[in-house]
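Numbering (the UniProt record's numbering), first residue to last: 1 to 215.
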């Protein structure tokens with residue numbers, strides 16, 4: 001595990017703090033082809049949430065005198081992939097990759113939570129609650145668009161997301177401890193997300209965490 005509060009927050013919390021800006025950028029584009037007013041309203045709320053998260057993170061990081069290193073390579077690559085889905089104006093693919101990012105963020109925050117100071121934990125509690133609602137919205141949209149073609153596109157997105165993150169992690173140059181942490185976070189995210197998707201009839205590709213490099 002990372003030894004200092006700075007290490008812990010930089011890996012991976014700072015990465016997601018920086019990711020809020022990219023998330024807002026994507027949501028502003030996604031709202032332009034939302035399928036109905038209800039979905040558009042929820043996306044507007046999500047934009048407000050993400051802006052608020054960035055403010056909370058930045059204030060706390062400033063208080064701790066921590067200078068974030070920026071997006072990790074695997075998260076940056078995942079946001080790049082999300083951008084391609086949004087550019088295609090494919091609603092199903094876009095909310096599918098958003099669901100992956102939300103799940104990964106929650107898994108990261110929950111994994112690091114016990115190691116953090118009380119004030120930072122308070123920030124994460126607020127963020128996690130919002131991310132749960134964002135994820136529920138994504139899953140609800142996938143239920144509404146449940147035809148066979150949509151399911152196939154959803155499964156394609158999840159398969160691609162796993163491949164993208166694995167390839168990026170292999171190029172990241174992480175330390176042994178960071179690799180172990182990444183593996184545990186991704187393992188948690190994978191099994192949680194798989195259990196949620198199974199409930200709506202979607203299957204994730206199988207991943208062996210003992211035989212492959214961490215995602």
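Think of the CB as a built atom: it goes at the ideal place given N, C-alpha and C, for glycine as much as any other residue.
Considering just the uninterrupted stretch of the alpha helix (DSSP H) at residue i, what are its terminal residues?
i: residue 113; result: Premise fails: residue 113 is in no alpha helix (DSSP H) and is neither H nor E.
i: residue 177; result: 176-198
Among the candidates the options, whose CA atom is the shortest distance from the CA of residue i?
i: residue 81; options: 134, 147, 96; result: 96
i: residue 109; options: 144, 181, 141, 78; result: 181
i: residue 253; options: 29, 45, 72; result: With the chain covering only 1 through 215, there is no way to say anything about residue 253.
i: residue 71; options: 79, 92, 64; result: 79
i: residue 51; options: 31, 199, 115, 22; result: 22
i: residue 73; options: 201, 18, 136, 39; result: 18
i: residue 129; options: 146, 46, 61; result: 46
i: residue 40; options: 137, 145, 93; result: 137
i: residue 203; options: 37, 154, 115, 86; result: 154
i: residue 26; options: 116, 196, 89, 141; result: 89
i: residue 60; options: 131, 121, 166; result: 121
i: residue 42; options: 200, 196, 116, 131; result: 131
i: residue 16; options: 32, 65, 106, 36; result: 106
i: residue 179; options: 190, 104, 166; result: 166
i: residue 200; options: 141, 24, 69; result: 141
i: residue 189; options: 100, 114, 112, 113; result: 100
i: residue 93; options: 150, 193, 191; result: 150
i: residue 13; options: 195, 147, 191, 185; result: 185
i: residue 198; options: 139, 112, 86; result: 139
i: residue 116; options: 64, 68, 77, 133; result: 64
i: residue 75; options: 20, 87, 67; result: 20
i: residue 227; options: 111, 119, 53; result: The requested residue 227 is not part of the displayed model; the chain covers only 1 to 215.
i: residue 54; options: 24, 196, 31, 143; result: 24
Contained alpha helix (DSSP H) runs [length at least 4] in the segment 72-139, N- to C-terminal order: Uninterrupted alpha helix (DSSP H) stretches at least 4 residues long and entirely within the segment 72-139 occur at 73-87, 91-112, given in chain order.
Sufficient close CB pairs (3 or more, under 8 Å) joining the segment 154-169 to the segment 111-125: Between the segment 154-169 and the segment 111-125, the count of C-beta pairs closer than 8 Å stays below three; the two stretches do not touch.
Alpha helix (DSSP H) runs contained entirely in the segment 10-36, provided each spans 4 or more residues: Restricting attention to alpha helix (DSSP H) runs no shorter than 4 residues, the segment 10-36 encloses them at 14-30, ordered along the chain.
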